[in-house]
Every structure is written in structure tokens, then in C-alpha cells.
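Colleague: To start, I am sharing the structure in question, which I have written as C-alpha cells.
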Amino acid sequence: MPIRRLLRHRLFVTGLSLFLLVVVAAIAAEWIASHNPTRMNMRLRFTAPGDPRFLLGTDAFGRDILARLAHGAQVSLRIGVMVVVFTGVFGTLFGALSGYFRRLDNPIMRVMDAFMAFPAIMLAIAIAAALGPSELNVVIALAAVYTPRTARIVRASALVVREAEFVQAARVAGAGDTRILLGHVLPNSLAPLIVQLTFIFAYSVLAEAVLSFLGVGPAPPTPTWGNMIADGRNFIREAPWITLMPGIAISITVLGLNLLGDGLRDVLDPRMKVTSS
Amino acid sequence: MTRYIIHRLASAVLVVFLVTIISFSVMSLVPGDPASVVAGANATPDEIEAIRVQLGLHLPYHVRLVDWVLGLFQGDLGRSILLQRSVAEAVAERLPVTIALSIYAMTLTLALGVSLGVLAAVRQNSWVDQLCMTVALLGVSLPNVWLAILFVMFFSVYLGWFPTGGYVPFEQDAFRALVALTLPAIALALTQIGLLARMARSSMLEVLRQDYVQTARAKGLPRWSVVGKHALKNVMIPLVTVFGIILSLSLSGTVVIETVFSLPGMGRLIVNAIQRRDYPVIQGGLLLTASALVMVNLAVDLLYAWLDPRVRYAD
Amino acid sequence: MSPPLLEVRDLTVRFRTELGEMAAIDGLSFEAARGEFLGIVGESGSGKSVTARAVMGLIQPPGRISSGSIRFAGEELVGRPDAELERLRGKRMAMIFQEPMTSLNPVFPVGEQIAEAARRHDRLSRRAGWDRAVEMLAKVGIPGAAERATAYPHQLSGGMRQRVMIAMALVCSPQMLIADEPTTALDVTIQAQILDLLRQLRSELGLTVLLITHDLGVVAEQADRVIVMYAGRVVEESPTASLFARPLHPYTGGLLDSIPDLEHTVEELPAIEGVVPSPFALPPGCRFAPRCRFVEGPCNASEPPLRPVGGRRTACRLDLDLTRS
Chain A
103 MPIRRLLRHR LFVTGLSLFL LVVVAAIAAE WIASHNPTRM NMRLRFTAPG
153 DPRFLLGTDA FGRDILARLA HGAQVSLRIG VMVVVFTGVF GTLFGALSGY
203 FRRLDNPIMR VMDAFMAFPA IMLAIAIAAA LGPSELNVVI ALAAVYTPRT
253 ARIVRASALV VREAEFVQAA RVAGAGDTRI LLGHVLPNSL APLIVQLTFI
303 FAYSVLAEAV LSFLGVGPAP PTPTWGNMIA DGRNFIREAP WITLMPGIAI
353 SITVLGLNLL GDGLRDVLDP RMKVTSS
Chain B
5 MTRYIIHRLA SAVLVVFLVT IISFSVMSLV PGDPASVVAG ANATPDEIEA
55 IRVQLGLHLP YHVRLVDWVL GLFQGDLGRS ILLQRSVAEA VAERLPVTIA
105 LSIYAMTLTL ALGVSLGVLA AVRQNSWVDQ LCMTVALLGV SLPNVWLAIL
155 FVMFFSVYLG WFPTGGYVPF EQDAFRALVA LTLPAIALAL TQIGLLARMA
205 RSSMLEVLRQ DYVQTARAKG LPRWSVVGKH ALKNVMIPLV TVFGIILSLS
255 LSGTVVIETV FSLPGMGRLI VNAIQRRDYP VIQGGLLLTA SALVMVNLAV
305 DLLYAWLDPR VRYAD
Chain C
723 MSPPLLEVRD LTVRFRTELG EMAAIDGLSF EAARGEFLGI VGESGSGKSV
773 TARAVMGLIQ PPGRISSGSI RFAGEELVGR PDAELERLRG KRMAMIFQEP
823 MTSLNPVFPV GEQIAEAARR HDRLSRRAGW DRAVEMLAKV GIPGAAERAT
873 AYPHQLSGGM RQRVMIAMAL VCSPQMLIAD EPTTALDVTI QAQILDLLRQ
923 LRSELGLTVL LITHDLGVVA EQADRVIVMY AGRVVEESPT ASLFARPLHP
973 YTGGLLDSIP DLEHTVEELP AIEGVVPSPF ALPPGCRFAP RCRFVEGPCN
1023 ASEPPLRPVG GRRTACRLDL DLTRS
């Protein structure tokens, strides 16, 4: 089982630690942050970090940054997980069908290409804005943007499997397409798929931050890392921590995920070239 | 090779067709009535109806789509609801800014990305390698919106080396134009540099393992020739295909960078249009951007086919 | 008797791996005389390719030459800086490899790959280098050499690519050519052609050839002398004819036994029982002892040294009569 090798891989372990740090912070949001993230207190606005009452300070409305950060983590991680699930399911579906059935290949792939032709953030913003500000709509938008990338990866595996000798043998022995798809194509796609989905999680966190920053993400007063950065932008001189903290949070999460992805790739499929889309 | 060209051209045409449909249809995703959304919360039913007619929303989807496409063939991208000018004019004003920014960022990306990657590969597992790859990792992990804001705070506000934003046309003052674009270009390029460095390193490592590299050494060629001539050419050719991905990321990045640095470019045009429901601009902007990327990818693939002798002289 | 062109003494090459450091070749000693055709025979893992690369100075981390000496035309090669070895490689000693498809750079025309060696070592101009490349291509028997020189490797057949490799190796008239399994990846008929070419060029240019192979048949026809390697060491050294007629070492005997014979039918091809020992788990005594039919007590006690037996050498303690019929 590659799990043991994974645990010995330094990058993987570092990445996992960073990521779990964020996950724990998100899950334990209610406990570590004693304050309500949306409660405003104008008398205590712009408190600097290090204050015993507000460990990471407060923002322009006197809201506790730490609490907002922890709740923002919940949002980002929820969105990330949902995007990964959607992308995984639909990407595998389209990719497997496209790679395995020759006649479906061209139509499916051209549609995927069309979606990939738009710069990712632009398309995501357009879809999210059209659908309206909510977590689910951000997920839908990002899933639409990232599914083609996953489909490509699965398709590549499916193509290889389709031509493999043991598959020809299986077909001669009477195995149907469904059996081959489930029994051979899917297991072979698993390794590159897992690696790709890890990176997609990372892109989601970054993309969601941009969407929130531009006002197209989950609506206020929900704290998201993106809108925290936007909030703090006007007070960058007096209270730089308002913008600084969420950025650090995003960086830690994405760094952790990238290291996880690198580690997984090294162990599961060292021949895989470093691709980002 | 000719078969390949024809195949790629046909694909590109089909993809542009699909892109057109998607660009048009994105706005149909709006739940509820787009006309009232555009009109605003305080509009009267008459005003909403007027807007509906103005946008042609009273016509069915396929009629509107065909009208729009026919207009495209005549060069008519529609008229902006909010900007008091045609979409084509708005784009023409903004395009030079984004192009200037993109070229500046691309140059940085190609120069630094390839250098870092190749250097790291040639000195694999040394401290040089670790350093280059750490920089690359940070490049792809740190959110560029945040970095851009920090840059402004540190380099513009605190140090005063650069302006905090705004665009200076090159015709006016080339030097100040470059200075104004420097911070945005760096902020924009960081993610791409990271990505390219990682890919270049991985590609170079793969090539250095090849048998023909051993042959080159066995011939007594000096190290600079083995790496710089024999290995590098094999690395650069496939790396060309990455250019399209890099450009796409760059255009995504302009959305944020132009906003933070107040640059009147395409990215900001499209984002503002999306935020304010300016449908014609959204449709036109998305279509142009995506089509441009399809063309660039096509050009890049053809370039690759020409550069790689195995494809160019395929039997 | 002129001094040997190549003298290898007690050469040990180690590699660092995940499981620890191991010696791919261990205390290897042999010589090659000027103009001699020496065959180096062994199975995978015997260390024959590592030997070739060590002589050429191509061993890189995680491998290193840990001890021993390699003298070429009287000059010591071990410990010399790479820049100096670069001047020898290609110019005075050359090497050709097993897979001509992957050993040639796919993005340069073959003429260029030959010419650059001539330009580098003999300081020829672009024009002169190209002309010399075309000359060499003709010399190795490629028809339409001038045109072919502009072709890319993938446009040529396997046999032609190997000829290109040979042209590339010999363009600067080296004194020694090392051929690492040059025919293994080729069809049988092409194999014969390439070997004939090597023999022809050798007599024309007075080359010393080191032919590395696992195929005894190849060696039987071409080589003057044969070295048999096993688990990183030389186990037998002998002129070709006597090696085949009366091998001294049981391993050689086993190899010869397993060659199918056109004239006699057998029920089963004899194979040497057991497997090559892992470099991390070497036997205490003779490395071949666990698989040997003639093993005796002292064989397992300590490694027998290579001892001379009338003009030949063997690493077997015993005087066996393994004469072939």
C-alpha cells in the first residue's frame, strides 16, 4: 500500500499538516473563536493583534478577525470539497466516456475545450454573478470551469486502457463495456485523478477568494477570506492586519494542498509531468 | 503534418462556434427576470418593460442568438448598456492596456520561469534546486490579489518607488508608462513564473535522463553544449505548448490585477460589466477573449508541429 | 610486444541506492592490447555496462569510482577532472550504445550530430565538419550519404541508425571503440551486417574494439579474446577459440551448455540453476559457488583470486576439464 511511502515523503507530510491545521481550525471554529464573527462593536474597531480579547485583532466594524477567519475557513473548505466532488464525478463521467467510446470523443472534448477556452476566473465570475451570490453558485461556477481539466486526465487514462492488451483479452472473453469501464478504466484513472483533484481543491480556494473579493461570492455578512481582504483594503495603512490575516490563511491552505498534491504525484505516479490544468 | 493542420483547424472552428453559444448563454443563467435585474430595484414596470425591449429579451432565445451571431459577422458586437458606446469601441479603448500589461508580464514569465526551472534541474537536489522550487511553490500558492495589495502598500505607499495605480499611455511618456506597469506585471507574473518553473524543471529532468544525453557526453561534448544545446532544445519544443495555458492564466489574472491597480483594461471592463449586468459587454468580452485564446492555442500547436522534426517530417 | 592500450586494475565502482551502497563492479582487472578485439560477456547485472561507462568516464552520482586504476595509452584516467576527460572522449576513445533510436537526439539531423564531434575535437569549420560527416556516412555503408545526412533519426531504419552511431563514434579516428550491446536491439540479419562493418572498420583503422554483449554467438565470430564477467568480477579470460573449446570456469561452461545446438536435438535446454546474487547479499566465498555443480568446502570460505593458467586466467580454484565435444 502506498500509504506508508506517502507518510515517509516529507512534502506530503508537511502539506498534510498545514492542511489539517486549517481543517481543525474550521471544525473547531466555535470553540477557538469565542466571539461571534458577525457581531459588530464599533468601540473596539481596529484593535491590533495580540490583544488578549481579540487574538488577531478586529476589523473596521469591530468584528473579531480570528472568528471570521475560522468561519471563513469553513466556507472555503466546504466549497473546495463540493467542487472536488462535482468535478470528480462529472469529470470522470465525461472523460471515461470520451476516452473509451470513439464516437463520443470528438463531441465531448470539443465542448470541454470550449469551456476551457475562457480564462478560468472570467468564466467563474460570469456564471457566479449570473446565478446570484451564494456558496452553491460559487461551487457550480467553479465546477463548470474545472470539470474539463479533470475530464482530460481521465480521458487520457481511458485511451491508454482502451488499447491495452489485457482489455482486448477481456473483450474477447466476453466482458461488456460497463465491466471494462468500471473494472479497468476507473482503477487506472484513480492515481492521476486523485492528484489532479488535490490541485483543483487548491485552485478552488484561490478562485473562491477572488470571487468573494470581487463581491460575487457568498453574500455578506458571511465572512469569507476573499471579502475580508476586500474589507481590509481601504484600511491597509491603519490596520494592515485586516487584509494580512486572511491572505496568510489562504496561503497556508493552498501551500498545504500544493505540497499534498506534489507528494501524492511523486508517490502515486512519478512519471506524471507537472501540469496545472 | 497537413492532416494534423486540417484537423486542428476544423477543431478550432468548432470550438469557436461553441464558445459563441456559451458566451451568449451565460447570461441566460440569471434566475428570474434579467430585465428587472438590469433595471434595478426601484424601477417601475414600464421601465422594466422598456429595458426588456431594448435588450431584445422579449424575443425567444434562438432568435436572439441568431441575431447576435449575424451581427458578429458584420462586426457589430452590440451596444453597452452603461457605457454609452458600442462594445467594439469599449474594447478597442481597453485592449491596448491589457496587451501592454500581458506582454510585460509574459516577458518576465518566460525569462524567469524557464531560467529557474532549468537551473533547478541542472543542480538537482542542491540548495539551488530547493530555493528555486520554493520560490516557484510560493508563486503558485500565494493569492495574487493579496500580493498585489501588499505590493501597493509596500512599494508604492511605504517606499514610494511606484505609483499606486493608473495607466500612462506609452505615446505620452514611455518611461513612466513602464514604471506604472511594473508592479502590476510582477504581481501578475508570479503565479505563471511558479508554474512554468515547475514544468521546466520536470521537463529538463526527464530530458537529462534520456540516452541521447549520455551519447552527447560520450562524444566528449562540454557540459554547456550537452545541456544548452542537446537537452534544452528537447525541453523548449514541448514547453511551447504551455504558452496557451500561461496566457489563459495571465488573462484570468488581469481581472484582479487591473482592479487592484486601477488599470483601464479588458479584465476590468469585463468584471465591471458582470458586476453591473451590462450584458452586451459581457457577451462580447467573453467571446473575444475566449476566441483569442483558441486562436493562440491553435497557433501554438501548429508551431509545435513545425518545430518538432518527428511531427514535421512524419511519414 | 607493445604495451596494452587499456589497463584496468582493481577497479571498483559503487552506487548509492535506497537499500544502501553496493559495488556494481568489484576489484576488476583486465587489459586490452592495441588492435585487439576484446569481447566482454556477461548476463544482466554482471557489471559489464558499468565497466564500459567507467572506462569512458561516464559514471555519475549516485555512482562513483571508489578505487582502482584505469590507464589508457599509459595515462591514468581515474581522478582526472571532467574537462580533461572530455578531450579524450570522442577523440581517442569512443562508445556506441544499445538503442540507436533513443541514443540519437531526435531534434537534430544525423549529419549535424556527427559533424559536431569533428568540429569540437578536430577544430573543423562548419563546412569541413559537414563534409567529413558525409564522408563517414558513406564509409559506414549508408547509400546517398549527402542526402541522408540531413535526415532526422526517426526517418532512418534501426540498422541505419546504428551505422550513424558508428560513424559518429569514429569520425575523429579514435584509438579505441567500446560497443555496448550494439546489435541487441536489431534484427538478426542486420546484426550480422553491423558486426561485419565493425570488423571491416577495425582492420582499416587499426581500432581496438571492446564489444560488450550477453550473446556468446556474437563473440565467437568476431573477438580475439573474451572476458567473462559474473556478479561484478572477471571469472575467466581467454582467447576465443580455447574459451569455446575448453572453458576453465564452471560459469562459462554453463553458458556454453545453454546455447542451443543446431546439430543435436535435446529434450530440455540446460539452464544454470539458481539466480545471480544480489549485490547486497553476496556469498562469503566464490560468488558463483551457490550455483556451481563442482562446489567444494573451500569454495565458500574465501573468494578465489584470478589465477593464470597458461596464457589464460580463471577465478575457479579447481582445475576442471570442461572440454566441449
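Protein chains in written order, with the working numbering: chain A, 103 to 379; chain B, 5 to 319; chain C, 723 to 1047. Glycine included, every Cβ here is placed at the ideal spot set by N, Cα and C. Computed from a predicted model, the values in this text were never measured in an experiment.
1. List, in chain order, every chain B residue whose beta-carbon is nearer than 8 Å to that of LEU233/A.
2. Would GLY232/B and GLY812/C be called neighbours here (beta carbons separated by less than 7 Å)?
3. Mind checking which residues open and close the beta strand (DSSP E) that includes PRO313/B?
4. Could you list which residues in chain B have their beta carbon closer than 9 Å to that of THR345/A, in chain order?
5. In angstroms, rounded to a whole number, what distance separates the CA positions of PHE737/C and GLY767/C?
6. Quick one: is LEU99/B near chain A, going by C-beta distance under 7 Å?
7. Considering only their Cβ atoms, is the gap separating THR102/B from MET270/B smaller than 7 Å?
8. Do ASP215/B and THR824/C have their beta-carbon atoms positioned less than 7 Å apart in this structure?
9. In angstroms, rounded to a whole number, what distance separates the CA positions of ARG1009/C and GLY190/A?
10. Can you pull the chain A residues whose beta carbon is under 8 Å from the beta carbon of VAL23/B, in chain order?
11. Going by DSSP, what residues sit across from GLY761/C in a beta bridge?
12. Give, in chain order, every residue of the segment 828–843 of chain C whose Cβ lies closer than 9 Å to some Cβ of chain B.
13. Decide if the segment 77–92 of chain B is in contact with the segment 278–289 of chain B; the criterion is three or more beta carbon pairs, one per stretch, under 8 Å apart.
14. Just to make sure I have the definition right: I need the residues of chain B whose C-beta is within less than 7 Å of the C-beta of SER825/C. Which are they?
15. Shorter than 7 Å from the beta carbon of VAL177/A to some beta carbon of chain B?
16. 7 Å is my cut-off, CB to CB: does ASN276/B come that close to chain C?
17. From which residue to which residue does the alpha helix (DSSP H) around LEU143/B run?
18. Give, in chain order, every residue of the segment 776–794 of chain C whose Cβ lies closer than 7 Å to some Cβ of chain B.
19. Consider the Cβ of PRO147/B: report whether some Cβ of chain A lies at a distance smaller than 7 Å.
20. Buried or exposed for PHE21/B, please, with buried defined as at least 16 other CB atoms from any protein chain shown within 10 angstroms of its CB.
21. By the DSSP assignment, the alpha helix (DSSP H) with VAL187/A in it spans what residues?
22. With burial defined as no fewer than 16 other Cβ atoms inside 10 Å of the residue's Cβ, what is the status of LEU359/A: buried or exposed?
23. Just checking: is the beta-carbon of ARG7/B within a distance shorter than 7 Å of some beta-carbon in chain C?
24. What's the call for GLU903/C, buried or exposed, on a 16-neighbour Cβ count within 10 Å?
25. If I follow the unbroken alpha helix (DSSP H) through LEU733/C, where does it start and stop?
26. Just checking: is the beta-carbon of ALA181/B within a distance shorter than 7 Å of some beta-carbon in chain C?
27. Label ARG976/C either buried or exposed according to how many other C-beta atoms from any shown protein chain fall within 10 Å of its C-beta, with 16 as the threshold for buried.
28. If we ignore side chains and look at the alpha-carbon of each, how far apart do ALA47/B and ILE227/A end up?
29. Relative to the C-alpha of LEU236/B, which candidate in VAL259/B, GLN279/B, LEU123/B and HIS62/B has its C-alpha closest?
30. Measuring CA to CA, which of ALA169/A, ARG205/A and VAL240/A is closest to ALA321/A?
31. Just to confirm my understanding: we take LEU290/B, look at its own chain, exclude 5 residues before and 5 after, and list those with CB closer than 6 Å. What are they?
32. Mapping DSSP to helix, strand and coil, what is VAL829/C?
33. Mind listing the chain B neighbours of PHE315/A? Cutoff is C-beta to C-beta under 8 Å, in chain order.
34. Could you tell me which of GLY276/A, VAL213/A, ARG257/A and VAL262/A sits nearest to VAL247/A, measuring between CA atoms?
35. Can you give me the C-alpha to C-alpha distance between ALA253/A and GLY201/A, rounded to a whole angstrom?
36. Going residue by residue through the segment 215–281 of chain A, where are the continuous alpha helix (DSSP H) segments of at least 4 residues, counting only ones entirely within it?
Modeller: This is what the structure holds:
1. LEU33, VAL34 and PRO35
2. Taking the C-beta atoms as reference points, GLY812/C is found no nearer than 7 Å to GLY232/B.
3. Counting along the chain, PRO313/B falls outside any beta strand (DSSP E), though it belongs to the alpha helix (DSSP H) covering 313–316.
4. Counting only Cβ-Cβ distances below 9 Å, THR345/A has contacts in chain B at TRP150, ILE153, LEU154 and MET157, in chain order.
5. Here the C-alpha atom of PHE737/C lies approximately 13 Å from the C-alpha atom of GLY767/C.
6. no
7. Contact: yes.
8. yes
9. 54 Å
10. ALA216, ALA219 and PHE220
11. Answer is LEU933/C and VAL948/C.
12. PRO828, VAL829, PHE830, PRO831, GLN835, GLU838, ALA839, ARG842 and HIS843
13. yes
14. ASP215, TYR216 and THR219
15. no
16. no
17. Reading the sequence as shown, one finds Gly at residue 143/B and not Leu. Bounds of the alpha helix (DSSP H) holding GLY143/B are 131–145.
18. MET778 and LEU780
19. Output row for PRO147/B: interface = yes.
20. exposed
21. First-last of the alpha helix (DSSP H) with VAL187/A: 167–202.
22. buried
23. no
24. Burial state of GLU903/C is buried, judged by a 10 Å Cβ sphere holding 16 or more other Cβ atoms.
25. Not the alpha helix (DSSP H): LEU733/C falls in the beta strand (DSSP E), residues 728–739.
26. For ALA181/B, the answer is no, since every Cβ of chain C falls outside 7 Å of its Cβ.
27. First, the amino acid is wrong: residue 976/C is Gly here, not Arg. Under this definition GLY976/C is a buried residue.
28. 26 Å
29. Minimum Cα distance to LEU236/B is reached at LEU123/B.
30. VAL240/A
31. SER27
32. coil
33. Result: VAL149 and VAL260.
34. VAL213/A
35. So the alpha carbons of these two residues sit roughly 9 Å apart.
36. 222–233, 237–265 and 267–274
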